[in-house]
Amino acid sequence: MLPAASRAIQDGIGMHIGHIIIIGAMKAGTTTLYHLLSQHSKVTMSHRKGFKSTKELDYFLEDREKKYARFFKHDVPGGSWTLEASPSYTKNYLANGCADRIAALPKQKKLIYILRDPIDRIDSHMSHNASRGRSINGARATRGFDDASSYWSQIQRFDAAGFSDTLLLLDFEDLCSDPVNSVRKVQEFIGLDFEEPTDVRVHNSRRSSGRLLTEAQERKHWQNIKSDIEALAASGRFAAAQKWIDTWSAKFG
Numbered sequence: 094m095l096p097a098a099s100r101a102i103q104d105g106i107g108m109h110i111g112h113i114i115i116i117g118a119m120k121a122g123t124t125t126l127y128h129l130l131s132q133h134s135k136v137t138m139s140h141r142k143g144f145k146s147t148k149e150l151d152y153f154l155e156d157r158e159k160k161y162a163r164f165f166k167h168d169v170p171g172g173s174w175t176l177e178a179s180p181s182y183t184k185n186y187l188a189n190g191c192a193d194r195i196a197a198l199p200k201q202k203k204l205i206y207i208l209r210d211p212i213d214r215i216d217s218h219m220s221h222n223a224s225r226g227r228s229i230n231g232a233r234a235t236r237g238f239d240d241a242s243s244y245w246s247q248i249q250r251f252d253a254a255g256f257s258d259t260l261l262l263l264d265f266e267d268l269c270s271d272p273v274n275s276v277r278k279v280q281e282f283i284g285l286d287f288e289e290p291t292d293v294r295v296h297n298s299r300r301s302s303g304r305l306l307t308e309a310q311e312r313k314h315w316q317n318i319k320s321d322i323e324a325l326a327a328s329g330r331f332a333a334a335q336k337w338i339d340t341w342s343a344k345f346g
C-alpha cells in the first residue's frame, strides 16, 4: 500500500484534464498571471485557503496527509484544469522534493515559470521583505535572494523530474507590456482555446520610494548568480537571459 502522503497526492479530482501550476518566480508577476488565467472558462481556482493562501497553496513543499483535491471544488467540470501559483516552489532552500511531488500528481501537469531580470527581482524581493519587517541584510537573507534568482538551478530540478517539455518559461517584461498576448501564449501551451481576459490589471504592484539595492549590493548579487544566468543563456531556452548578462556584465564585469 502507498504511504498516506503518496495516496493524498494521487487522489485526483473528477474528470478534469489536469493541473496548471505557476511555480514562480517570486516578485515576477505570478499573482497577475494567476488572475489572468483564472478568467478562462476551463480553469478552476482553489476554493479554500491552502498552506499559505488560496492562490499560494504551497502544497508540494512537504509530504501532506491532506488530499490535493481538498482545495478544489468537488464538481470541477470535465475538460477543465485546476490552477495554483506558489512561488516558493522555485526556492531551493524550501522546495526540496517539490518537483517530484508534483510529478506524482495524476493527470496532466503544465508548469509556468515567469523569469524577471534577476537583479531587479532581488530589489523587489527586498522591498517586499522590508515592508513586512523581515531581515534584508546578512548572509542568510543574501542567500535567499540569490537562490530565488538562480533560475537555471531551479529549472534543472524540474527537468530532472520530467518537466522539460511541460514547463513554459515566460518573460516578465512581456507579461507587463502585453498581458493579453502573454495569456494567449500560456493558453496555447496548456491546450486551451483562446479566451481574452476582460480584467488585465496588474496585481501586487508596489511603488517604493526608490531602489533598495546599493551598487555594491548589486555587484555582489551579480557575482553570486552570474554563472547560473550564463548557464540559462547557454541552454538556449530563454532569450532574455543574454540581455541580462549584457546589462550586468557591462556594469560589473
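To convert a position in the sequence shown, counted from 1, into the numbering used here, add 93.
Where is the CB? At the ideal position from N, CA and C, for every residue including glycine.
These figures come from a predicted structure and were not determined experimentally.
Requested in this report: Classify Glu186 as helix, strand or coil using the three-state DSSP reduction.
Outcome: Per the sequence shown, the amino acid found at residue 186 is Tyr instead of Glu. In this structure, Tyr186 counts as coil in the three-state DSSP scheme.
Query raised in the report: What do you get for Glu149, buried or exposed, if any count of 16 or more other CB atoms within 10 angstroms of its CB means buried?
Result: With 16 or more other CB atoms across the displayed protein chains lying within 10 angstroms of its CB, Glu149 is buried.
Query raised in the report: What residues match up with Leu262 in a beta bridge as DSSP calls it?
Result: According to DSSP, which records beta bridges pairwise, Leu262 is partnered with Tyr206.
Query raised in the report: Taking the alpha-carbon positions, what's the Val276 to Ser181 distance?
Result: Straight-line Cα distance between these residues: approximately 22 Å.
**Report entry** Secondary structure, alpha helix (DSSP H): runs of 4+ residues fully inside the stretch 104-135
**Finding:** Listed in chain order, the complete alpha helix (DSSP H) runs (minimum 4 residues) inside the stretch 104-135 are 123-131.
Requested in this report: Return yes when the Cβ of Ser242 is within less than 7 Å of the Cβ of Arg214, no when it is not.
Outcome: Yes, these two residues count as a Cβ contact at 7 Å.
Query - Between the CA atoms of Thr123 and Phe345 - distance to the nearest angstrom - result: When rounded, the distance between both Cα atoms is 29 Å.
Report task. Mind checking which residues open and close the alpha helix (DSSP H) that includes Thr235? Result -> Residues 232-241.
Query raised in the report: Under 7 Å between the Cβ atoms of Leu204 and Phe153?
Result: No, the Cβ-Cβ distance between Leu204 and Phe153 is not below 7 Å.
Query - 6 Å Cβ shell around Thr217 - same chain, five flanking residues per side excluded - result: Sequence inspection shows Ser at residue 217; the Thr mentioned does not correspond to that position. Lys120, listed in sequence order.
Query raised in the report: Measuring CA to CA, which of Ala197, Asp292, Ser131, Phe238 is closest to Asn222?
Result: Nearest to Asn222 by C-alpha distance, out of Ala197, Asp292, Ser131, Phe238, is Phe238.
Report task. Measuring alpha carbon to alpha carbon, tell me which of Leu325, Thr235, Arg157 ends up nearest Ala309. Result -> Ranking the options by Cα distance to Ala309, first place goes to Thr235.
Requested in this report: Please name the residue in Pro199, His314, Thr125 whose C-alpha comes closest to that of Asn230.
Outcome: For Asn230, the closest of Pro199, His314, Thr125 by C-alpha to C-alpha distance is His314.
Report task. In the DSSP assignment, find the unbroken beta strand (DSSP E) run with Leu176 in it and report its ends. Result -> 174-178 is the span of the beta strand (DSSP E), which, as asked, contains Leu176.
Query raised in the report: On the three-state DSSP scale, how would you describe Thr137?
Result: Of the three classes helix, strand and coil, the one that applies to Thr137 here is strand, per DSSP.
Query raised in the report: Would you call Leu184 buried or exposed, if buried means 16 or more other Cβ atoms sit within 10 Å of its Cβ?
Result: Sequence check: residue 184 is Lys here, not Leu. With 16 or more neighbouring CB atoms inside 10 Å of its own CB, Lys184 falls in the buried class.
Requested in this report: Within the same chain, show all residues whose beta-carbon is closer than 8 Å to that of Leu285, passing over the 5 residues directly before and after it, in chain order.
Outcome: Spatial neighbours of Leu285 in its own chain (CB-CB distance under 8 Å, excluding positions within 5 residues in sequence) are listed in chain order as His133, Lys135, Val136, Trp174.
**Report entry** Distance between Ala343 and Ile116 (C-alpha atoms, nearest Å)
**Finding:** When the Cα atoms are used, Ile116 and Ala343 turn out to be separated by approximately 30 Å.
Report task. State the beta-bridge partners of Gln201 as determined by DSSP. Result -> Under DSSP, Gln201 shares a beta bridge with Gly111.
Query raised in the report: In angstroms, rounded to a whole number, what distance separates the CA positions of Gln335 and Gln316?
Result: Taking the straight line from one Cα to the other gives about 16 Å.
Query raised in the report: Do the CB positions of Lys202 and Gly303 come within less than 7 Å of each other?
Result: Not a contact, by the Cβ cut-off of 7 Å.
Requested in this report: Measure from the alpha carbon of Leu261 to the alpha carbon of each residue in Asp267, Thr291, Lys278, His109, then state which is nearest.
Outcome: Looking at the Cα atoms, Lys278 is the closest of the given residues.
Query - Reference Leu176; option with closest CA among Cys269, Glu323, Ile212, Leu130 - result: Selected option, being the one with the closest Cα: Leu130.
**Report entry** Residues near Asp151 by beta carbon distance below 7 Å, same chain, minus five either side
**Finding:** Result list for Asp151: Gly143, Phe144, Lys145, Ser179, Ser181, in chain order.
Requested in this report: Can you give me the Cβ contacts of Arg312 inside the same chain, cut-off strictly under 7 Å, excluding the 5 residues immediately before and after it?
Outcome: Take Arg312, set aside five residues on each side of it, and the residues of its chain with a beta-carbon closer than 7 Å to its own are Phe345, in chain order.
Query raised in the report: Distance, Cα to Cα, Ala327 vs Asp339?
Result: If I take the Cα positions, the gap works out to 13 Å.
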